[in-house]
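All remarks here apply to the structure that follows.
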Amino acid sequence: MATIKPFYCIRPAASLAHRVAALPYDVYNRSEAKIVAAKDSLSFLNIDRAETQFPDEVDTYADCVYAKAAELLNTRIADGTFVTDSARNYYIYELTMEGRTQTGIVACASIDDYLNNVIKKHENTRADKEEDRIRHVDTCDAQTGPIFLAYRSNEVIHSIVAEVKKGTPLYDFTSEDGIRHRVFLISEPSTVAKISDTFASIDSIYIADGHHRAASAVKVGLKRRSEHPGFDGTEEFNYFLSVLFPEDELKILPYNRVVKDLNGMTKDTFLSRISEKFEVKVLGPEAYQPVNKGTFGMYLDGTWYQLTAGSALQQITDPVASLDVSLLQDYLLAPVLGIGDPRTDKRIDFIGGIRGLGELERRVAEDMTVAFSMYPTSIKELFAVSDAGRLMPPKSTWFEPKLRSGLFIHKLS
């Protein structure tokens with residue numbers, strides 16, 4: 204059963220929340236982060252990506268970068284940019300994008316639940332990406348970016364959230380990308396207890412987004428345990444910052460693919476090869492977004508095609524092998540285009556669905572040869588893979604809207 208607990212939250216002063224809130228650290232490269240951070244000294248990106256405070260020749264992972272992150276965080280706490288609540292509370296974080304709203308509970312989850320697979324994963328992590336956030340969290344003595352968790356919709360929690368949202372929010376602002384953010388406080392003791400008890404009856408929580416942040420938080424917790432052999436499990440380092448959303452409010456966007464070349468084939472040979480496993484239909488110049496599972500868009504030489512998985516592929520029931528991203532990888536990208544390992548092959552790139560189909564056409568015009576638009580993985584497919592203890596292929600899901608960093612901070616000591 205899941206241990207989801209309230210916590211002492213460090214958060215922006217109400218008048219500054221809109222300036223502090225920042226997109227996750229990993230949506231930017233270094234040059235992009237530097238531009239964004241320079242727009243506002245209070246943007247949390249200055250702390251999350253503290254290399255923005257140094258000349259480009261300073262290594263992103265230098266000790267001084269992590270020390271600067273801790274210095275900036277402590278300065279902002281000291282100067283009143285951030286306030287610390289005096290009680291352990293839950294919070295509600297509501298995001299509205301293009302008329303669709305999703306509402307999560309901000310809380311701390313247990314590293315033991317992660318280790319025991321009560322909190323389930325669907326994605327591999329990379330050691331180098333983990334190490335960066337391990338050092339950031341450990342040096343700052345704080346978790347600064349929440350893990351995006353999902354759970355099967357629960358009527359008790361739904362009712363509590365609906366009731367709390369009738370009150371006055373702590374924050375209510377619209378970010379530059381048009382997403383509205385509202386935050387509410389849950390401090391009434393009986394309500395706090397009811398939320399804790401309800402999550403304790405839930406046997407599975409799922410990482411939707413933030414696998415590297417979660418793995419890093421857990422490893423910092425284990426490091427702190429080794430440094431404090433007398434720990435009793437109540438210490439803050441035993442928990443990590445999370446926002447938990449009901450699955451029926453979440454939207455997954457497609458994660459599209461672009462490939463550098465046709466693996467030495469002519470266009471006609473390539474089309475002939477893929478027609479062995481997929482029905483190929485010529486559409487023309489108008490961009491095509493698949494509307495059904497088992498269908499794919501393909502953009503090649505100025506023309507869009509619809510690819511439909513053949514009947515044999517449509518009958519696959521394995522939770523991983525039946526994913527559209529797996530069908531494309533296993534029956535087209537690998538055998539036809541020679542993309543054996545999409546994690547390491549430099550001939551393939553991945554484009555989040557939020558960028559639109561025009562980005563696929565742009566990449567084909569500039570530096571790629573063929574693009575594939577995908578039907579998005581469903582949250583039920585994500586749950587099925589996680590429940591089976593399996594992992595999805597890389598770049599299977601793209602969640603929108605992204606949770607902002609800096610609105611909630613969890614100190615480890």
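Using our numbering, the final residue of the sequence shown is 616, and nothing's skipped along the way. Don't be surprised by glycine CBs; every beta carbon is placed ideally from N, CA and C. A quick note: this is a predicted structure, and the numbers were derived from the prediction, not measured.
Going by DSSP, which residues form a beta bridge with residue i?
i: N319; result: DSSP output for N319 lists no bridge partner at all.
i: P149; result: Missing from the structure shown is residue 149; the chain here goes from 204 to 616 and no further.
i: Y294; result: V309, L388
i: N459; result: I554
i: Y578; result: Partner(s): none; Y578 has no beta bridge.
i: L447; result: I308, L352
i: D471; result: In DSSP, D471 forms no bridge with anything.
i: Q346; result: H613
i: Y442; result: S313
i: K208; result: C311
i: Q509; result: K484, G500
i: V364; result: None; V364 has no bridge partner.
i: R383; result: T299, T377
Got a sec? Which residues, its chain only, sit under 6 Å from residue i by beta carbon, not counting five neighbours each side?
i: P449; result: S356
i: F434; result: R428
i: L480; result: A small correction: the amino acid at residue 480 is Lys; Leu does not occupy that position in the sequence shown. Answer for K480: G513, Y534, listed in chain order.
i: S246; result: A225, A240
i: L530; result: A512, L516
i: L276; result: I250, C343
i: K422; result: I337
Within 10 angstroms of its Cβ, does residue i collect 16 or more other Cβ (buried), or is it exposed?
i: A272; result: buried
i: G424; result: buried
i: I207; result: buried
i: V494; result: exposed
i: A417; result: buried
i: H414; result: buried
i: M204; result: exposed
i: I544; result: In the sequence on display, residue 544 carries Asp and not Ile. With fewer than 16 Cβ atoms within 10 Å of its Cβ, D544 is classed as exposed.
i: G348; result: buried
i: R607; result: buried
i: D380; result: exposed
i: S234; result: exposed
i: P432; result: exposed
Looking only at its chain, what residues have a beta carbon closer than 7 Å to the beta carbon of residue i, apart from the 5 residues adjacent to it on each side?
i: K598; result: Y458, F553
i: L373; result: A217, V386, F387, L388
i: S419; result: E333, R336, I337, V340
i: E603; result: M300, K454, L456, I557
i: F186; result: The structure shown has nothing for residue 186, since the chain only spans 204 to 616.
i: Q256; result: N249, K271
i: V483; result: L474, I477, Y508, L510
Could you pull out every residue in the same chain whose Cβ sits closer than 8 Å to the Cβ of residue i, ignoring the five residues on either side in sequence?
i: R566; result: V461, D552, I554, A574
i: F210; result: R291, N292, A310, C311, E439, Y442, L444, H613
Shorter than 8 Å from the beta carbon of residue i to some beta carbon of chain C?
i: D331; result: Absent from the structure is chain C; it holds one protein chain and no more.
Given 8 Å, three or more beta-carbon pairs between the stretch 254–267 and the stretch 277–290: no
contact_flag[the stretch 558–570, the stretch 495–506] where n(CB pairs < 8 Å) is 3 or more: yes
Segment contact, 8 Å Cβ cut-off, at least three pairs: the stretch 581–597 with the stretch 397–414: yes
Alpha helix (DSSP H) segments (min. 4 residues) lying fully within the stretch 249–285: 266–281
Contact between the stretch 381–388 and the stretch 438–452 (3+ Cβ pairs under 8 Å): no
The stretch 456–471 touching the stretch 569–578, judged by at least three CB pairs closer than 8 Å: yes
Cβ contact (3+ pairs, closer than 8 Å) linking the stretch 327–338 and the stretch 393–404: no
Touching by the beta-carbon criterion (3+ pairs, under 8 Å), the stretch 361–370 and the stretch 312–322: no
Inter-stretch contact at 8 Å, needing at least 3 Cβ pairs: the stretch 598–613 / the stretch 292–309: yes
Alpha helix (DSSP H) runs wholly inside the stretch 511–536, at least 4 long, in chain order: 514–517, 527–531
At least 3 beta-carbon pairs within less than 8 Å: the stretch 221–236 vs the stretch 288–305: no
Length at least 4, wholly inside the stretch 388–438: the alpha helix (DSSP H) runs in chain order: 392–403, 414–430
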